[in-house]
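Numbering (the numbering used here), first residue to last: 0 to 173.
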């Protein structure tokens, strides 16, 4: 089977584990892209990035990291701060992160990109797909299928990496 290159917007290390295994199993050659200016505070973003680096090392994959710019992200969701989790704020957030991934994929010459966000049982994959389809090259892969979420929990424990307890932004903190 010929490997196909794909840029993978990686929200964190835990969500990347099962996603990587599925992509590799389906003949993809993933490069991980950490661009998550939605994560608050910045120290939390750093913890998630470090966990992703551990995952990348375990799977011998490259990681490309984008500059953290929370102010730009806040501007992109302005007016939606009070929305419930899973609502219009999240759609704006997905659009922000996937636009960055699409731009990076084009810049680096990748014909395909996707996101690990769909592995979470707390994320609406249909919403992510509807946002992602706005960008050329987006692959609609529902990583929570085939037991992806449970597998990510298991692999995270096996690797001993940090697993967060909220989606990322200050509005999703419980």
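Ideal placement from N, C-alpha and C gives every residue a C-beta, glycine not left out. Quick caveat, the model's predicted, so the values are computed rather than measured.
Review point. Between the C-alpha atoms of residue 138 and residue 42, what's the straight-line distance to the nearest angstrom?
Key: 30 Å
Practice item. Starting from residue 4, follow the alpha helix (DSSP H) in both directions and report where the run begins and ends. Key: Where residue 4 is concerned, there is no enclosing alpha helix (DSSP H), although the beta strand (DSSP E) it sits in stretches over 3-8.
Review point. Do the stretch 134-154 and the stretch 34-49 make contact, defined as three or more Cβ pairs closer than 8 Å?
Key: no
Review point. Anyone know if the C-beta pair for residue 8 and residue 113 falls short of 9 Å?
Key: yes
**Study point:** Cβ neighbours of residue 132 in the same chain (closer than 8 Å, five flanking residues each side left out)
**Key:** 139
Practice item. Can you tell me which of the three DSSP states residue 19 falls into? Key: helix
Point to revise | DSSP-derived helix/strand/coil call for residue 32 | key: strand
Check your understanding: According to DSSP, is residue 160 helix, strand or coil?
Key -> coil
Check your understanding: Is it buried or exposed for residue 83, if we count other Cβ within 10 angstroms and need 16 for buried?
Key -> exposed
Check your understanding: If you draw a straight line from the alpha carbon of residue 19 to that of residue 29, how long is it in whole angstroms?
Key -> 7 Å
Check your understanding: Ends of the beta strand (DSSP E) at residue 54?
Key -> It is not in any beta strand (DSSP E) - residue 54 instead sits in the alpha helix (DSSP H) that spans 41-58.
Point to revise | Distance between residue 14 and residue 148 (C-alpha atoms, nearest Å) | key: Those two C-alpha atoms are separated by around 8 Å.
Point to revise | Backbone CA spacing between residue 130 and residue 50 [nearest angstrom] | key: When rounded, the distance between both Cα atoms is 26 Å.
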